[in-house]
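Reading through the structure tokens given below for one structure.
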Amino acid sequence: MSNIYTDYVNKIAITVPERYIDVKTGESHAVSAKIVEQIEYHAENSTLSHLVLSALHHYLSAKPAMIGGSAEILQQLAEIKSILENGVYQIKPAAQPRTPKDQTDAARLLNMKEIEDILEAFGG
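Throughout, the working numbering is defined as the position within the sequence shown, counted from one, plus 9.
Rendered as structure tokens:
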């Protein structure tokens with residue numbers, strides 16, 4: 010069942026259904042009580058046009074950079090999108106595994122006497 014909210018001063022009417030479809034994702038959501046409360050408030054105070062335009066501005070403007078895992082996921086999705094649009098993908102070279110020669114060179118850099126002294130100092 011839909012409810013109609015009207016701002017008579019600015020000649021604006023909004024019909025609010027029980028559920029709506031997010032046009033960016035295609036998912037269906039229930040209209041929360043907080044949204045209905047805000048629409049009622051702005052309809053009574055003749056500021057419904059400001060609420061609608063503010064909501065549209067927030068919805069359509071770019072989101073600020075997120076912190077944490079979400080930003081990385083969005084960055085990866087942007088890369089996938091770029092690959093799909095441009096059809097170009099460059100494989101980054103992986104780190105080369107250490108060869109036995111590299112390992113012996115690293116072992117030579119260690120002074121075994123120093124290691125023994127450190128172990129003895131810590132009771133090893």
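Just so it is clear, CB atoms sit at the ideal spot from N, CA and C, and this is done for glycine as well.
To the nearest whole angstrom, what separates the beta carbons of residue i and residue j, a pair I think is in contact under 8 angstroms?
i   : j   : result
Q47 : L62 : That belief does not hold up - the Cβ atoms of Q47 and L62 are roughly 14 angstroms apart, past 8 angstroms.
V25 : S55 : Actually they are not in contact, since the Cβ atoms of V25 and S55 sit about 18 angstroms apart, beyond 8 angstroms.
I44 : S37 : Between S37 and I44 the Cβ distance is about 15 angstroms, and since that is not below 8 angstroms, they are no contact.
I23 : L69 : At roughly 18 angstroms, the Cβ-Cβ gap does not stay under 8 angstroms, so I23 and L69 are not in contact.
Which residues mark the beginning and the end of the alpha helix (DSSP H) in which residue i is found?
i   : result
S63 : 57-69
Under the three-state reduction of DSSP, which class applies to residue i: helix, strand or coil?
i   : result
Y50 : helix
May I ask which residues mark the beginning and end of the beta strand (DSSP E) holding residue i?
i   : result
D31 : Looking at the DSSP string, D31 is not in any beta strand (DSSP E), and its letter there is neither H nor E.
S37 : 37-39
N12 : 12-16
Could you tell me whether the Cβ atoms of residue i and residue j are closer together than 8 angstroms?
i   : j   : result
A52 : Y14 : yes
E27 : A39 : yes
On the DSSP bridge list, what partners appear for residue i?
i   : result
A22 : T15
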